[in-house]
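Take any residue in the sequence shown, count from 1 to its spot, add 32: that is its number in this note's numbering.
By construction, the Cβ of each residue, glycine as well, lies at the ideal position given by its N, Cα and C atoms.
Take a look at the structure set out below.
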Amino acid sequence: MGKNMDANDVVLEVEHLTKHYPIKKGLFGKSDTCVHAVEDVSFEVHRGETFAIVGESGCGKSTTGKCILRLTEPTSGTVMLDGKDFTSLKGDDLVEARKKLKLIFQDPYSSLNPRMTVADIIAEPIDIAKTYATRAERDARVDQIMQAVGLDLSYRARYPHEFSGGQRQRIGIARAIVLEPEVVICDEPVSALDVSVQAKVINLLEKLQDDMGISFIFISHDLSVVKHIADNVMVMYLGHMMERASDEELFSNPAHPYTQALLDVIPRIRRERIRDKTILQGDVPSPTNPPSGCCFHTRCTKCMRVCGERVPEAHEIAPGHLCACHLYDESLTDEERTPAVEVPLDAEIPQA
Ligand code: SF4
């Protein structure tokens, strides 16, 4: 967790971010449907904070990261970086702002150019940004960053294939931080690594955050890793924000049935809250045809009549704790609160 997190200093603000991918069909490539990858997601990241985005595969967490970086343009919504609208920047302004926003990739094996030496890979961002006056200055900066991420200086002239997964991820981290960015988006940065190596990389990220005050957006499907590293957590499902809270609040008092189900499959966390265990059943529906109302209602054990009809708003159920679920809507009628009737899959359908 960020020791130097400043709760009054917002470095990145995401407002109503939405991303739809049109699906082209037919002879003339006419688009009549789309993938609802991200739907109206909002959150803010403070200086020195680790903000985690969690959820199952396909929940929209990586697309959210790509939209923030503008690796893919959002359909709507804004991203404010240091008070400026990053989504509308163009040309030199965009190039300049991109120095403050960097990415660490999931796969350290494919994210490094195999034909470049370690020193050239790390120096690439400062070569493009031309932040040095002499070759000696460039080399000194590379050495400084290599030492900061725990890479031996004797590795300068070596190539990526000569390194283990953990070391390659250190090279990727060095490349991401060489320009001293304000925010680094870490997209599943440890999921391709062995568990013992994962801990070392997580410890390195924490140390760099303490030393340099970087804010991280940590994208992960692994709640036990998130519990260790995050200050604040947002849970996503089918492109929607389900719940958002501080790390401590979310893990001790999960409110959304989806979050509860995710936590219940982690043995160490499950034992603490075994009494109201929730089991997640079925598959994630298709994002091209998401369920009506609450997008989780097809898998929710607490589904009520209203859930299939109306999209739930985000309710603030404790200070800073948001939950998008009708269970916390005090304005519902008794009729709307009636449990939804479940039809067993093997039930016989009466003939007319
Ligand atoms: Fe379950 Fe309804 Fe809450 Fe959705 S809104 S999580 S279906 S109770």
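D254 and V316 have their C-alpha atoms roughly 17 Å apart.
Environment of ligand 1, chain-ordered: H288, P289, Y290, C326, F328, H329, C332, K334, C335, M336, C339, P344, C357, H358, L359, taking every residue with Cβ within less than 7 Å of a heavy atom. Secondary structure of R79 (DSSP, three-state): strand. The segment 89-167 is shown to contain whole beta strand (DSSP E) runs of 3 or more residues at 108-113, 133-136, in chain order.
Exposure of I311 is indicated by the presence of fewer than 16 other C-beta atoms within 10 angstroms of its C-beta.
Taking the Cα positions, N264 is about 23 Å away from V227. Rounded to whole angstroms, the gap between the alpha carbons of I160 and Q199 is 24 Å. Under the three-state reduction of DSSP, H329 is assigned to coil, being neither helix nor strand. Here R331 is buried, its C-beta having at least 16 other C-beta atoms within 10 Å. The C-beta distance from V297 to V77 rounds to 27 Å, too long to fall under 8 Å, and the pair is not in contact.
Taking all protein chains in view, the Cβ of Q241 is crowded by 16 or more other Cβ atoms within 10 Å, so the residue is classified as buried.
Of the residues S256, A262, V257, the one whose Cα lies closest to the Cα of F248 is A262. Taking all protein chains in view, the Cβ of G123 is surrounded by fewer than 16 other Cβ atoms within 10 Å, so the residue is classified as exposed. L240: member of the alpha helix (DSSP H) spanning 227-244, first to last residue. For E362, there is no enclosing beta strand (DSSP E), as DSSP marks it with neither H nor E. Burial of A151 is indicated by the presence of at least 16 other C-beta atoms within 10 angstroms of its C-beta.
Per DSSP, the beta-bridge partners of P371 are M336. Pairing C218 with A189, the inter-Cα distance amounts to about 26 Å. With a threshold of 16 other beta carbon atoms within 10 Å, K116 falls short and is exposed. Only exposed fits L185, as fewer than 16 other CB atoms lie within 10 angstroms of its CB. Pairing A129 with L364, the inter-Cα distance amounts to about 45 Å. Rounded to the nearest whole angstrom, the C-alpha separation of E105 and D279 is 30 Å. In this model, S108 and M266 are separated by some 20 Å (Cα to Cα). When the Cα atoms are used, E275 and S89 turn out to be separated by approximately 17 Å.
The beta carbons of R147 and Y187 sit no closer together than 9 Å. Taking one beta carbon from each stretch, the segment 128-143 and the segment 194-210 have 3 or more pairs nearer than 8 Å; the two touch. Listed as beta-bridge partners of I85 by DSSP are I251, M266. Where E281 is concerned, the enclosing alpha helix (DSSP H) starts and stops at 279-284. Counting along the chain, the unbroken beta strand (DSSP E) around A346 starts and ends at 346-350.
DSSP lists T65 as the bridge partner or partners of I55.
Taking the C-beta atoms as reference points, H347 is found no nearer than 9 Å to G92.
Cβ contact annotation for S196 (same chain, cutoff 8 Å, sequence separation greater than five): V229, in chain order.
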